[in-house]
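Notes follow once the structure below has been shown.
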Amino acid sequence: MLYRTLGATGLRVSVLGLGTGTRFGDPRQNSAADAARLVRAALDFGINYIDTAAIYGEAEAQLGAALAGVSRERFIIATKFWPVDAGLQPITPAELRASVNRSLQRLRVETIDVLQIHGLRPAWLGPVMDRLGPELAALREQGRYRFLGVSETIVDDSLHEMVPHAAADGRFASALIGYNPLSPWAELSALPACEQSGMGVIAMVAVGRALRDPAMLERLVREARERGEPGVADLPRKDPLGWLRDAAGGSMAAAGLRFAASHSAVATVLAGTLDVEHLRENVTAACRPPLPEEVRARVRRVFLNTDAAYWRSGDV
Ligand SMILES: NC(=O)c1ccc[n+]([C@@H]2O[C@H](COP(=O)([O-])OP(=O)(O)OC[C@H]3O[C@@H](n4cnc5c(N)ncnc54)[C@H](OP(=O)(O)O)[C@@H]3O)[C@@H](O)[C@H]2O)c1
């Protein structure tokens, strides 16, 4: 395993992190025993960065049980709280404290390493921090968490507008950012803003859906060509990203992970999986040297000349 420093936090994080955002927290798909086996395998591969959230079903509780008895130095826990209510207004300080306390209890830890504001839309940043900033400071003072982070939404912030504002705010130590070959727009402002401000970057959706689904990828490319998007004009019709997969030396999923890990701002790349063989493949891909610059440049030439919002539909 390779380890990198998560920005100014100084935390040394594995270049592949374990995500628990999809099926991990659903006990019908992932029993406690299976969750424990997967977490043990991840730790054995040297993975030490684990991402979860208060709203990922039973994921926090599954993790808490799986990590019980594991030395606290062996893992870094990043969780999240959802910052707005049903009316999209910031939650109250009391609701924030209750969410953090529940996460601590379910995770069975004394301190959360990275507490992230979940899915923060650009317009929410100001109101949420005005309402919750003092309570966040108090919770940190009381040792409930160590570092404050933001996570962006992969749904309606396709140009990554929230992260540069968070970097300018100065209170955030890390950012969880969507970044993959089909969605490289974070390179334009979000990743440079983090590098300049010392915010550590955790990449997500590196194995976006279109990278796992060849038929979907071909359809997205075909539709983009029909719409006249210039970036895709020269891509082969069949297996349009075969050149990327071949350059990365593995599957398309591996290409996504290796691509994300290639950026100098990225400390760790998350991937969720219930499959230990996928986990092994992902570790290998993330630990490989950065992709050659000409391959990364071709990715930029293609996908920065397309419609960001359209391509993000291939992420989820
Ligand atoms: N706004 C936010 O804060 C936010 C949003 C999204 C995600 N996240 C976090 O980021 C993590 C990563 O998210 P994500 O969107 O990248 O993915 P994800 O939700 O974790 O799901 C990854 C998917 O990729 C598949 N996969 C993984 N490795 C593979 C491989 N080698 N080959 C083929 N398929 C593979 C998995 O299926 P198998 O089980 O079959 O391997 C799974 O379906 C999440 O788990 C979550 O912790 C946060």
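Heads up: the sequence shown begins at 0 in numbering that gives the first Met the number 0, then just goes up one per residue.
Beta carbons: idealized from backbone N, C-alpha and C, even for Gly.
On a predicted model such as this, the values are computed, not experimentally measured, just so you know.
Which residues in the same chain as Ala167 place their Cβ atom closer than 8 angstroms to its Cβ, once the five residues preceding and following it in sequence are excluded? Ala192 and Ser196
Of all the alpha helix (DSSP H) runs that stay within the bounds of the segment 183-239, which reach a length of 4 or more residues? 189-196, 208-211 and 213-225
Under 7 angstroms: does the beta carbon of Leu273 sit that close to some heavy atom of ligand 1? yes
I want to know whether the segment 84-103 touches the segment 25-43 - three or more CB-CB distances under 8 angstroms. no
Suppose you measure from the CA of Val268 to the CA of Met203; what does that come to, to the nearest Å? 6 angstroms
For Ser182 and Trp310, believed in contact at Cβ under 8 angstroms, the rounded distance: 6 angstroms
In angstroms, rounded to a whole number, what distance separates the CA positions of Val162 and Leu114? 16 angstroms
Between the C-alpha atoms of Phe302 and Val231, what's the straight-line distance to the nearest angstrom? 7 angstroms
Would the beta-carbon of Val206 be found less than 7 angstroms away from any heavy atom of ligand 1? yes
What number of angstroms, rounded off, separates the C-alpha of Leu278 from the C-alpha of Thr272? 7 angstroms
Hey, Ile46 and Gly16 are a contact pair by Cβ (cut 8 angstroms); roughly how many whole angstroms apart? 7 angstroms
Please go through the segment 143-184 and give each complete beta strand (DSSP E) segment of 3 or more residues, from N-terminal end onward. 144-151 and 173-177
Val220 and Leu234: beta carbons closer than 8 angstroms? yes
Please state whether DSSP places Pro92 in a helix, a strand or coil. helix
Going by C-alpha distance, which of Leu119, His159 and Ile111 is nearest Gln141? Ile111
According to the Cβ coordinates, are Leu147 and Phe171 closer than 8 angstroms? yes
By a C-beta neighbour count over all protein chains shown, 10 Å radius and 16 as the cutoff for buried, is Arg218 buried or exposed? exposed
Look at the alpha carbon of Leu175 and the alpha carbon of Ala209, and state the distance between them as a whole number of angstroms. 20 angstroms
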